[in-house]
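Going by numbering that gives the first Met the number 0, the sequence shown opens with residue 0, and the numbers climb by one from there.
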Amino acid sequence: MGLKHPGRRGFLKRGAAIAGLAVGGGVRIADAQTPSPAAPAKSIKELVAYGERSRFVTSTRIPVSDRPSPDSFGLVFHVATPIAEQVGAITPSSLHYVATHLGSFVPDIDPKEHRLMIHGMVDRPLTFTMEDLKRFPSVTRLHFVECIGNSGRPGAKTVQESHGLTSCSEWTGVLLSTLLKECGVKSGASWIVAEGAEEVKGASSVQLSKAMDDCLVCYGQNGEPVRPQQGYPLRLLVPGFEGIFQTKYLRRIKVVDRYYMTFNDYGHLQEDPKVSALMNQIGPKSVILTPSGGQQLPGKGFYEVSGLAWSGGGAVKRVEITADGGKTWKDAVIQGTAYRMAHVRFVMPWMWDGGECELQSRCTDELGQVQPSRAQVAKYWNKPLTAAFRVPGTNNSIQPWVVKNDGSVVNGLV
Ligand SMILES: Nc1nc2c(c(=O)[nH]1)N[C@H]1C(S)=C(S)[C@@H](COP(=O)(O)O)O[C@H]1N2
Ligand SMILES: [Mo]
Numbered sequence: 000m001g002l003k004h005p006g007r008r009g010f011l012k013r014g015a016a017i018a019g020l021a022v023g024g025g026v027r028i029a030d031a032q033t034p035s036p037a038a039p040a041k042s043i044k045e046l047v048a049y050g051e052r053s054r055f056v057t058s059t060r061i062p063v064s065d066r067p068s069p070d071s072f073g074l075v076f077h078v079a080t081p082i083a084e085q086v087g088a089i090t091p092s093s094l095h096y097v098a099t100h101l102g103s104f105v106p107d108i109d110p111k112e113h114r115l116m117i118h119g120m121v122d123r124p125l126t127f128t129m130e131d132l133k134r135f136p137s138v139t140r141l142h143f144v145e146c147i148g149n150s151g152r153p154g155a156k157t158v159q160e161s162h163g164l165t166s167c168s169e170w171t172g173v174l175l176s177t178l179l180k181e182c183g184v185k186s187g188a189s190w191i192v193a194e195g196a197e198e199v200k201g202a203s204s205v206q207l208s209k210a211m212d213d214c215l216v217c218y219g220q221n222g223e224p225v226r227p228q229q230g231y232p233l234r235l236l237v238p239g240f241e242g243i244f245q246t247k248y249l250r251r252i253k254v255v256d257r258y259y260m261t262f263n264d265y266g267h268l269q270e271d272p273k274v275s276a277l278m279n280q281i282g283p284k285s286v287i288l289t290p291s292g293g294q295q296l297p298g299k300g301f302y303e304v305s306g307l308a309w310s311g312g313g314a315v316k317r318v319e320i321t322a323d324g325g326k327t328w329k330d331a332v333i334q335g336t337a338y339r340m341a342h343v344r345f346v347m348p349w350m351w352d353g354g355e356c357e358l359q360s361r362c363t364d365e366l367g368q369v370q371p372s373r374a375q376v377a378k379y380w381n382k383p384l385t386a387a388f389r390v391p392g393t394n395n396s397i398q399p400w401v402v403k404n405d406g407s408v409v410n411g412l413v
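Structural data, given as structure tokens:
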């Protein structure tokens, strides 16, 4: 449909690179745009053993903090999913966004050496190997992860910059409640503190009620072991809560009787457990991916408006779309099953008459919570509604995209 425009120059450059090399016998160029001796092309034998996407598919994650990622020391900072190029509701594991506190190295953990210890206010403190964990009854669930920093940048030009810090995977593991019951939680316990194995530890306090409800200790992601950047060999999933609670490289869970301030809370500073509990859950949210910022509509006529919706409060019940800046709204079609605390794809047929217009999407979840407008959010925080206004928490407000009459699409907030 020509919405995506990888750029003719990109193709020409790649063509030149290929022409300049003796390509034959199925030898693939590792990355024709930036040929690197450090990453030699894989042999056909290797590619048959473990596949790769077509070299014509080139979307990549991009750093979205003010630092390069990786930096010159090899530290990894926030990188965003190319969400506009994604199809369906599941993020390819290789493109799942990555967030590490203040930058860290992705630890190289031998699963044979890895242990999960559960201790504190329990009858039987226990240490589990990965093999132990795989003997417990397993569950597989689709869940999104979203960083609090997602949609934090009002000046974003593309949806990758504005909304790329959320991804959705099919996660497999053991319910945390199963493991906690095995240890026997003592009466009076009310919180858990989960800790990761790397130097920054990624510790988070989670309410025991949530821990006993639907938290998952995951060893699987999209049909294979959890990827290193997502927490290999073990990660905690706290469905619907901010990304910071989804402790990667999970090695220790302490059952406690109060909220503990951890390193993770540097950006939150919610010492009151009630306030903290209410702040943790992601609100109903949606974003249109086509058309979205930076894309170019080739001309007037038929388009399918398409995007993703999700909520920390449960399943998405409804997504509405406006093409006139919020005057009239129409229900979008939700594709497939809307799972709880998972991304769902929504679509709507749309005829573009060639005139300037503003597209927005609005999500309602199973609790009846409705995605707020930016004006409502500004009012809630008692801040003037300016282009520079940055929501001081998770920002689930409506994202407007303006289609100019030349077919270019820009961020309606800029
Ligand atoms: N051990 C550990 N867990 C962590 C982090 C971390 O740096 N270390 N980052 C957290 C943050 S801020 C987010 S948003 C999510 C991101 O998960 P992802 O990198 O798999 O997308 O993991 C959380 N869990
Ligand atoms: Mo995060």
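Beta carbons are placed, not taken as given, at the ideal position from N, Cα and C, and that holds for glycine.
Given the structure is predicted, the values throughout are model-derived calculations rather than measurements.
Separation of residue j from residue i, as counted between CA atoms
i	j	result
Thr99	Phe76	6 angstroms
Leu412	Arg114	47 angstroms
Asn381	Arg389	12 angstroms
Glu51	Trp309	29 angstroms
Phe126	Ile252	The amino acid at residue 126 is misidentified as Phe; the sequence shows Thr. For Thr126 and Ile252, the distance between alpha carbons rounds to 10 angstroms.
Gln359	Val86	19 angstroms
Asp30	Ser58	Confidence in Asp30 is poor, its pLDDT being 34 and thus under 50, which makes the residue's placement too unreliable to answer from.
Ala337	Arg140	12 angstroms
Arg339	Gly306	17 angstroms
heavy atom of ligand 2 below 7 angstroms from residue i C-beta
i	result
Ala314	no
Ala79	no
Ala98	yes
Ile243	yes
Ligand 4 heavy atom lying under 7 angstroms from the CB of residue i
i	result
Gly195	Of the ligands this structure carries, namely ligand 1 and ligand 2, none is ligand 4.
Residue i Cβ short of 7 angstroms to ligand 1 heavy atom set
i	result
Cys146	yes
Val318	no
Lys156	no
Val237	no
Gly201	yes
Ser103	yes
Ser166	yes
His113	no
His342	no
Gln359	no
Lys284	no
Of the listed residues the options, nearest to residue i (C-alpha basis)
i	options	result
Tyr248	Pro238, Gln228, Tyr259 and Leu233	Leu233
Asp352	Lys299, Pro238 and Val47	Lys299
Asp330	Val304, Val56 and Ser161	Val304
Val138	Thr177, Val144 and Gln228	Thr177
Arg474	Tyr259, Ile89, Gly73 and Gly324	Not covered by the structure: residue 474. The range shown for the chain is 0 to 413.
Ser166	Pro124, Thr57, Ser285 and Cys182	Ser285
Gln206	Ala196, Asp131, Pro238 and Ser103	Pro238
Lys133	His142, Ser161, Glu197 and Pro224	Pro224
His142	Gly242, Pro383 and Lys403	Gly242
Gly201	Thr246, Leu236, Asp405 and Ile287	Thr246
Own chain partners of residue i with C-beta closer than 7 angstroms, once the 5 adjacent residues on each side are dropped
i	result
Pro110	Met129 and Pro232
Arg27	Because the pLDDT at Arg27 is just 34, under 50, the model does not fix this residue reliably, and the value given afterwards should be weighed accordingly. Once the five neighbours on either side are set aside, the close Cβ partners of Arg27 are Ala40, Lys41, Leu46 and Arg54.
Gly187	Met120 and Asp256
Lys316	Thr363, Asp364 and Glu365
Other residues of its chain near residue i: CB distance less than 8 angstroms, five sequence neighbours each side excluded
i	result
Asn394	Asn149, Ser150, Gly151 and Val376
Ser396	Ser150, Gln370, Pro371, Ser372, Arg373, Gln375, Val376 and Val390
Arg60	Val78, Ala79, Thr80, Pro81, Leu94, Tyr96, Val97 and Gly163
Trp328	Glu319, Ile320, Thr321 and Arg361
Own chain partners of residue i with C-beta closer than 6 angstroms, once the 5 adjacent residues on each side are dropped
i	result
Ala210	Leu175 and Ile191
Lys180	none
Ser68	Pro62, Val75, Phe76 and Val78
Cys182	Ile117, Val121, Arg123 and Leu125
Would you say the stretch 163 to 179 touches the stretch 206 to 219, given that touching needs at least three Cβ pairs under 8 angstroms?
yes
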